[in-house]
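Peer 1: The structure that follows is given in the form of structure tokens.
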Amino acid sequence: MFYNNYISKRIKVKTIDGIEYIGRLISIDGYLNLALESVIVTNIEDIEPMVLNSVYVKGNNIEVIVLLE
53 MFYNNYISKR IKVKTIDGIE YIGRLISIDG YLNLALESVI VTNIEDIEPM VLNSVYVKGN
113 NIEVIVLLE
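Dropping the structure here:
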């Protein structure tokens, strides 16, 4: 799978509900479910971003994945 090349790299993920995750990709499966670590989470309504150790994002919620490095 193409996205396996992104493992251990920093990515930005935008979901269909407008939430953006920036973090290091640690795993991804064939359904585009992914796990991120060292994550910054922002959305349209919040001014302050949240910083989380890890996040799991379901593939059916993902709008776009962007490689940052």
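Each residue of the sequence shown is one higher than the last, beginning at 53 in our numbering. We put the beta carbon where it would ideally sit given N, CA and C, even for glycine. Here the structure is a predicted model, which means the values were calculated and not measured.
1. Considering just the uninterrupted stretch of the beta strand (DSSP E) at Lys110, what are its terminal residues?
2. How many Å lie between Asp81 and Glu72 at the Cα?
3. Between the C-alpha atoms of Gly111 and Val118, what's the straight-line distance to the nearest angstrom?
4. Does Tyr83 come out as helix, strand or coil in the three-state DSSP assignment?
5. Can you tell me where the beta strand (DSSP E) holding Ile63 begins and where it ends?
6. Restricting to Cα atoms, I'd like to know which of Ile59, Asn105, Ser90, Leu86 is closest to Thr67.
Peer 2: Let me spell this out:
1. Here Lys110 belongs to no beta strand (DSSP E), and DSSP marks it neither H nor E.
2. Cα to Cα, the separation comes out at about 20 Å.
3. 14 Å
4. coil
5. 62-67
6. Leu86
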